[in-house]
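Asks:
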Amino acid sequence: MTKLLTLEEWAEETYRSKQPTPQTLQRWARGGNIYPAPEKHGREYRVQPGAIYIQPKSYRLAKEILKTSPSTSSSLIEKINHGIKAKTI
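Residue numbering for the sequence shown follows the numbering used here, starting at 554 and increasing by one per position.
1. For Thr625, count the other beta carbons within 10 Å of its own beta carbon; 16 or more makes it buried, fewer makes it exposed. Which is it?
2. Is the segment 596-614 in contact with the segment 565-585, if contact means three or more CB pairs nearer than 8 Å?
3. Taking the alpha-carbon of Tyr606 as reference, which of Lys556, Pro573, His594 has the nearest alpha-carbon?
4. Pick helix, strand or coil for Arg580, following the three-state DSSP scheme.
5. Mark Pro602 as exposed unless 16 or more other C-beta atoms lie within 10 angstroms of its C-beta, in which case mark it buried.
6. Tell me the DSSP bridge mates of Ile605?
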């Protein structure tokens, strides 16, 4: 299991020069702007080291994430992406 980072640690890694404020980071975490989604541990959010900032309503980005992510290859997702022609388990 990988070590989860706090939002501030993630911001230091991701944004070297001008980092977002803690309030902005928390807003991003609550609003679904970080992928994979942060986990709330007590009072703070924790993210995976390779997490990225996204626009959650970007359809093109969502399709790219679905293509590259092996954990989303369920038959339901395949049916949504390809229609009725998807394989059944």
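Glycine residues also receive a C-beta, built at the ideal position from the N, C-alpha and C atoms. Keep in mind it's a predicted model, so treat the numbers as computed, not measured.
Replies: If we stick to the structure as given:
1. Mapped onto the sequence shown, residue 625 falls at position 72. Confidence at Thr625 is low in this model, with a pLDDT of 47, below 50, so its placement is unreliable and no value can be given for it.
2. Flag = yes, the segment 596-614 and the segment 565-585 touch.
3. For this step, residue 606 is matched to residue 53 along the sequence shown. Selected option, being the one with the closest Cα: Pro573.
4. On the sequence shown, position 27 is the one that residue 580 refers to. Note: Arg580 maps to helix in three-state DSSP.
5. Your numbering for residue 602 matches position 49 in the sequence shown. Flag for Pro602 reads exposed.
6. Within the sequence shown, numbered from 1, the residue matching residue 605 stands at position 52. The partner list for Ile605 (beta bridge, DSSP) reads Tyr588.
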